[in-house]
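Undergrad: Below is one structure. I have some questions about it.
There are 2 protein chains.
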Amino acid sequence: MPPEAGRGRAPNIRDVAAIAGVSYQTVSRVLNGSEKIRPETKQRVLEAIEESGFRPNQAARALVTSRSRTIGVLSTHQYAHYGPQTMVHAMEVAADLAGYRLALVTTGSTPETIAAALERLVSQAVEALIVVAPKVSVFEAIEDSSLDLPLVTLDSSIHNKRPGRAHSFAVDQYEGARMATRHLIELGHRSIIHVAGPQDWIEADERMQGFLFELGEKDLPVRAPILGELSADFGYRAGVELVRRRDFSAVFAANDQMALGLLHAFRDEGLSVPHDVSVVGFDDIPDAAHYLPPLTTVRQDFAAVGRRSVELVIGELDQGRPGSVEFIRPTLMVRESTAPPTAGWR
Amino acid sequence: MPPEAGRGRAPNIRDVAAIAGVSYQTVSRVLNGSEKIRPETKQRVLEAIEESGFRPNQAARALVTSRSRTIGVLSTHQYAHYGPQTMVHAMEVAADLAGYRLALVTTGSTPETIAAALERLVSQAVEALIVVAPKVSVFEAIEDSSLDLPLVTLDSSIHNKRPGRAHSFAVDQYEGARMATRHLIELGHRSIIHVAGPQDWIEADERMQGFLFELGEKDLPVRAPILGELSADFGYRAGVELVRRRDFSAVFAANDQMALGLLHAFRDEGLSVPHDVSVVGFDDIPDAAHYLPPLTTVRQDFAAVGRRSVELVIGELDQGRPGSVEFIRPTLMVRESTAPPTAGWR
DNA sequence: AGGGTCGATGTGTACGTTCACACGACGGGG
DNA sequence: CCCCGTCGTGTGAACGTACACATCGACCCT
């Protein structure tokens, strides 16, 4: 016997009030956890809610409070799915805990699609915006749109500028890249190539900056990074190209997928990893431990980023305080794709 | 000069009407594309909308129409991220085109988390529900919750029952599994093992059924499938275990990640793929082409599933007709992880 | 005993939109 | 020439909730 078997219309606050024998305002107070209410009255109302199968109407609530309790999440549609999905899941859980909802919108990279995505978000009246895997083009679009919302971008930008009141928060990509590079240097590598992600992607740029800094610090020769997509396909093409040059003993890839492509290319070209070449990735997606050879990579805690980004946003929304912004340290996962360089390769 | 520089309050339909010199109802008509309206009036209203920076208030609209124009998407949080994410992206685009929004909710596998996820969905007043990567436990929870919505589950179930009015739609997993199995048989394999996904996951079960059917049809010996998670980690453990038995010449894994783990295990145990063992996966995630060796697998068009699932739902919502339900055929991608069996292995 | 305070509950109104209906003008048919 | 249908537009409600304020009783203090 489903309780909702009343009429065609869903029960509202007044129906509940009638059952409990109170006014609708009292019901409203119970719903919003008001202090000034007698325990027994509250109990009676709660029973009436239960009995009627009442659910607060979000639309009416949003209308009268002019608050949607919705956080917009703008995610760029990319090859790397693990990170974003993990973050979004964590966000959703955290948001729900605080009584918020998520409006997830994915976008391409062109200004038009970004603008369209932004438009979709505003039309849903989001109260804040979290940008996952942000690109500079996204920032530009946001600035153009002149929308004024609490904004958190999930990147660890130190070197990139962003719209005024935006916070950025993430795993420290710069530091992660330095850890990866340092690891290779400590193994004895002197000629290290970076296969980088698209430079309009802020995280990718951070990784490259970290790589370059560490090289500079150790006075090692800097070769121009190869720029491309964060995909295994591109990693493969880059790897084939690299083998022709033979002027390196290690490669630091901007993510694990690229590293996978490199492993593939190196095997195809008859090179052994890590004997002939060392390879380091970034992200530590669950598959990376099973690449051949298992990949040395930089682990980032995506779930923590997702969770805390929502806390940041809600802190600003509910208490006006932005909350503390402290980048999360990544961890280097040393596996079997890195080893000291051998002679014959410089 | 942003047009919204009016007051603290956002412009509403009446403000627009005042500017255009018409009544608010006329504005409403323009917004909803009514026929009975003079072109020049319409033009005037449109200019007023532009000038004021007016945006329709969704909450008010939802309140009065009692339609949220929101489609709930229930996704189980899994290891395999590529498929769901690709589908969700396609859904979002398709939904937007039809003027709908998505409410994405991810859930674990326990009855409690599923119930909680369902609760989140109802509280958002979704008009329909699409279940991504459904498990039987999800169906049970849906039935228990006695919610009455257009329901589409993204699986190709032939052998599983589901709640009354649900439609299911997907790539044909059964057929895909048969294709994979047939491929191995045609190569000459007689002893094939299936490393299956969790059986409460309907897609995984479909794959197993297809595998078993094909074996039965060819009168080949059936070994008990290994059941586990759809992860590389589990694939690895299963692979190590399998090598001890040595009673097979080919393995059909329930997804690509599992296949990756198998490749890893086989290499660790000194077996060569495909020389000693053939391996087939399922999904054709972008990385699969770069496994070592590149993986023979079954490709499914996730984006098409996402797109058409939304069309199905909206068809039912807008026109009352469910739309046609026809499974999408998968494609076998033959790469380098499969070859005829060699002697020494039965 | 009376006034003031506070705690608990009720009444009016507003939020922004759509729906049902009313209204005036215009044209055609008898 | 009048009536009536139709086209274009306007007026009054209603959706379900929260906020501001009003009310009412009880209790305390003097």
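Protein sequences, first through last, are from chains L and X.
Position 41 of the first sequence, counting from 1, maps to 41 under the UniProt record's numbering, and the rest follow consecutively.
Position 193 of the second sequence, counting from 1, maps to 193 under the UniProt record's numbering, and the rest follow consecutively.
For each residue, glycine too, the CB sits at the ideal point set by N, CA and C.
All values derive from a computational prediction rather than experimental measurement.
Just mark X/P221 as buried or exposed, buried being the case when its beta carbon has 16 or more other beta carbons within 10 Å.
TA: Exposed, because fewer than 16 other Cβ atoms sit within 10 Å of the Cβ of X/P221.
Undergrad: Quick check on the DSSP output: the alpha helix (DSSP H) that includes residue 354 of chain X runs from which residue to which?
TA: There is no way to answer for residue 354 of chain X, as the model of chain X reaches only from 1 to 346.
Undergrad: Going along chain L, which residues have a C-beta under 9 Å from X/A177?
TA: None at all; the shortest Cβ gap to chain L is about 22 Å.
Undergrad: Out of X/P330, X/V277, X/S278 and X/L271, point me to the one whose CA is closest to X/V298's CA.
TA: The residue with the shortest Cα to Cα distance from X/V298 is X/P330.
Undergrad: Enumerate in chain order the residues of its own chain whose CB-to-CB distance from X/R178 is below 6 Å, with the five nearest sequence positions on each side excluded.
TA: Excluding residues within five positions, the ones whose Cβ falls inside 6 Å are G210 and E214.
Undergrad: Going by DSSP in three states, L/M194 sits in which element: helix, strand or coil?
TA: According to the sequence displayed, residue 194 of chain L carries His and not Met. In this structure, L/H194 counts as strand in the three-state DSSP scheme.
Undergrad: DSSP state of L/W200, grouped into three classes?
TA: Looking at the sequence itself, residue 200 of chain L is Asp, so the reference to Trp does not match. Three-state result, L/D200: coil.
Undergrad: Rounded to whole angstroms, what's the CA-CA distance from X/K42 to X/V30? Just pull it up for me.
TA: Between X/K42 and X/V30, the C-alpha separation is close to 6 Å.
Undergrad: Would X/D155 and X/E203 be called neighbours here (beta carbons separated by less than 8 Å)?
TA: In contact: X/D155 and X/E203 (Cβ atoms closer than 8 Å).
Undergrad: Determine the direct distance from the alpha carbon of L/S137 to that of L/P198, and round the result to whole angstroms.
TA: Cα to Cα, L/P198 sits roughly 12 Å from L/S137.
Undergrad: If I measure Cβ to Cβ from L/E175 and keep anything under 7 Å in the same chain, skipping five residues before and after, which residues do I get?
TA: Hits under 7 Å: G210, R329 and P330.
Undergrad: Give the secondary structure of L/F252 by DSSP, where H, G and I count as helix, E and B as strand, and everything else as coil.
TA: It is a strand residue.
Undergrad: Under 8 Å between beta-carbons, which chain X residues line up against L/H77? List them in chain order, please.
TA: Here the neighbours are H89.
Undergrad: Tell me whether the beta-carbon of X/Y236 lies closer than 8 Å to the beta-carbon of X/G270.
TA: Result no, Cβ atoms of X/Y236 and X/G270 do not sit closer than 8 Å.
Undergrad: If I follow the unbroken beta strand (DSSP E) through X/V152, where does it start and stop?
TA: Residues L151 to L154.
Undergrad: By Cβ distance below 6 Å, which residues in the same chain neighbour X/Y100 in space, the five residues on each side in sequence not counted?
TA: Once the five neighbours on either side are set aside, the close Cβ partners of X/Y100 are R69 and I71.
Undergrad: So if DSSP puts L/I226 in a beta bridge, which residue, or which two residues, is it bridged to?
TA: Per DSSP, L/V195.
Undergrad: I want to know whether the region 312-320 of chain X touches the region 287-302 of chain X - three or more CB-CB distances under 8 Å.
TA: Touching, no, given that fewer than three Cβ pairs across the two stretches are closer than 8 Å.
Undergrad: Distance check for X/R307 and X/S146, CA to CA, integer angstroms please.
TA: Approximately 27 Å, taken between the alpha carbons.
Undergrad: Determine the contact status of L/V132 and L/D301, defining contact as a CB-CB distance below 8 Å.
TA: Going by C-beta atoms, L/V132 is not nearer than 8 Å to L/D301.
Undergrad: Mind checking which residues open and close the beta strand (DSSP E) that includes L/T106?
TA: R101 to T107 is the span of the beta strand (DSSP E), which, as asked, contains L/T106.
Undergrad: Taking 8 Å as the threshold (C-beta atoms), are L/D256 and L/T282 in contact?
TA: In the sequence as presented, Thr is not what sits at residue 282 of chain L; that position holds Phe. A contact, by the Cβ cut-off of 8 Å.
Undergrad: So, for L/F54: in the same chain, excluding its five sequence neighbours on each side, which residues have a beta-carbon less than 6 Å away from its beta-carbon?
TA: Correct list, in chain order: P11 and V16.
Undergrad: In whole angstroms, what separates the C-alpha of X/E143 from that of X/S157?
TA: In a straight line, the C-alpha of X/E143 is about 17 Å away from that of X/S157.
Undergrad: Could you say which of L/T110, L/I114, L/V240 and L/R246 lies nearest to L/H74 if we only look at CA atoms?
TA: Just to set this straight, residue 74 of chain L is Leu in the shown sequence, not His. For the residues L/T110, L/I114, L/V240 and L/R246, the minimum Cα distance to L/L74 belongs to L/I114.
Undergrad: Between L/K135 and X/E92, what straight-line distance do the alpha-carbon atoms span, to the nearest angstrom?
TA: Near 21 Å, if we compare the C-alpha coordinates of X/E92 and L/K135.
Undergrad: What three-state label does DSSP hand L/K42 in the structure shown?
TA: If DSSP states are grouped into helix, strand and coil, L/K42 belongs with the helices.
Undergrad: In this structure, how does DSSP classify X/G216 when only helix, strand and coil are distinguished?
TA: In this structure, X/G216 counts as helix in the three-state DSSP scheme.
Undergrad: For L/S66, which residues of its own chain have a beta-carbon under 7 Å away from its beta-carbon, when the five flanking residues on both sides are left out?
TA: If we look at L/S66 and ignore the five residues flanking it on each side, it has no Cβ neighbours.
Undergrad: Please list, in chain order, the chain L residues whose beta carbon lies closer than 7 Å to that of X/A94.
TA: Within chain L, no residue comes near X/A94; the closest Cβ sits about 12 Å away, beyond 7 Å.
Undergrad: Are X/L121 and X/A141 touching if we call contact CB-CB under 8 Å?
TA: No, the Cβ-Cβ distance between X/L121 and X/A141 is not below 8 Å.
Undergrad: My understanding is that X/L230 touches X/L263, with C-beta atoms under 8 Å, so please give their C-beta distance in whole angstroms.
TA: With 8 Å as the limit, X/L230 and X/L263 do not qualify as a contact, their Cβ atoms being about 15 Å apart.
Undergrad: Alpha carbon to alpha carbon, what distance is there between L/V310 and L/E35?
TA: The straight-line gap from Cα to Cα measures roughly 28 Å.
Undergrad: With H, G and I counted as helix, E and B as strand and the rest as coil, what does DSSP make of X/S146?
TA: The answer is coil: DSSP assigns X/S146 none of H, G, I, E or B.
Undergrad: Do you know how far the Cα of X/R182 is from the Cα of X/Q173?
TA: Between X/Q173 and X/R182, the C-alpha separation is close to 14 Å.
Undergrad: Cβ of L/R308 less than 8 Å from any chain X Cβ?
TA: So, not an interface residue.
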